[in-house]
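Residue numbers (the working numbering): -12 to 245.
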């Protein structure tokens, strides 16, 4: 079985020898083939992406070449920078995808997003969107806006994979089906999904090929997130797709890429 962590973050601490040793031991324990590392809102990475890239590069350098080859680096769209600067970041840091977070407070329209998304398209990179989007409130009732946010962005780039981070998360996990049904380019990432039942429904209806495993380490417990996949009422081949094979296809990997 190939195991790929489709969503994790840098360790809490600076890349000390002890922290790196623990990280290497973790990868060895779980036999992780690859792992995607993303900028984190909690670590304030979005306010200074250059600092995030520096910390990421330092961590990979201290982990050694073998470890560095296991990491798929994600960056983020920084709306204070030009699309040209984004392209430079992609090439300089060899990014494998980009992330958007709702608390970046960007407007969801083509005028704002498409100059950046065109860069994404030209490099054939997936877009990861954190899905804990604050619902709007009308007449004192919560209105889930998953389709008006992630769904709308996915419609701008129908040929680019859009990863719905946390499978809808705690605010709108029961409303993922409309987005999945309408936008065939949307993929679920499983970390922090609050219930196995909704994941099972999505897999049964839309296929296991549209789901990738993620742990959200170190903010979530890897064992707990892995157990969520293990207890799903799905076939073994479907489980293997979610745990690694789908990510292999998404990131154009092969088994010889150690």
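Glycine residues also receive a C-beta, built at the ideal position from the N, C-alpha and C atoms.
Review point. At which residues does the beta strand (DSSP E) containing residue 22 begin and terminate?
Key: Residue range 19 to 24 is occupied by the beta strand (DSSP E) that includes residue 22.
Review point. Is it true that the segment 212 to 221 meets the segment 179 to 187, where meeting means three or more beta-carbon pairs spaced less than 8 angstroms apart?
Key: Yes, the segment 212 to 221 touches the segment 179 to 187.
Review point. Under three-state DSSP, which class holds residue 99?
Key: DSSP, reduced to helix, strand and coil, places residue 99 within a helical segment of the structure shown.
Check your understanding: Across which residues does DSSP place residue 84 in a beta bridge pair?
Key -> Beta-bridge analysis with DSSP links residue 84 to 61.
Point to revise | Environment of residue 176 [buried if 16+ CB atoms lie within 10 Å] | key: The residue in question, residue 176, is buried, as its Cβ has 16 or more Cβ neighbours within 10 Å.
Check your understanding: Considering only residues of the same chain and omitting the five flanking positions on each side of residue 38, which have a CB-CB separation below 8 angstroms?
Key -> For residue 38, where only same-chain residues beyond five positions count, the Cβ hits under 8 angstroms are 32.
**Study point:** Top-ranked residue by Cα proximity to residue 69, from 104, 23, 219
**Key:** Of all alpha-carbon atoms in 104, 23, 219, the one lying nearest the alpha-carbon of residue 69 is that of 104.
**Study point:** Residue from 231, 66, 98, 11 whose Cα sits closest to the Cα of residue 332
**Key:** The chain is shown only over -12 to 245; residue 332 falls outside these bounds and no answer can be derived.
Review point. Are the beta-carbon atoms belonging to residue 73 and residue 106 less than 9 angstroms from one another?
Key: Closer than 9 angstroms, so yes.
**Study point:** Among 143, 132, 111, 192, the one whose alpha carbon lies nearest that of residue 118
**Key:** Of the candidates 143, 132, 111, 192, 132 places its Cα closest to the Cα of residue 118.
Practice item. Tell me, please, which residues DSSP counts as bridged to residue 116. Key: For residue 116, the pairing in a beta bridge is given by DSSP as 87, 151.
Point to revise | residue -12 classed as buried or exposed, judged by whether at least 16 other C-beta atoms fall within 10 angstroms | key: The C-beta of residue -12 has fewer than 16 other C-beta atoms within 10 Å across all chains shown, which makes the residue exposed.
Exercise for review: Below 8 angstroms on the Cβ atoms is my guess for residue 147 versus residue 114; work out the distance and round it to an integer in Å.
Suggested key: For a cut-off of 8 angstroms, the C-beta gap from residue 147 to residue 114 is around 6 angstroms, short enough to register as a contact.
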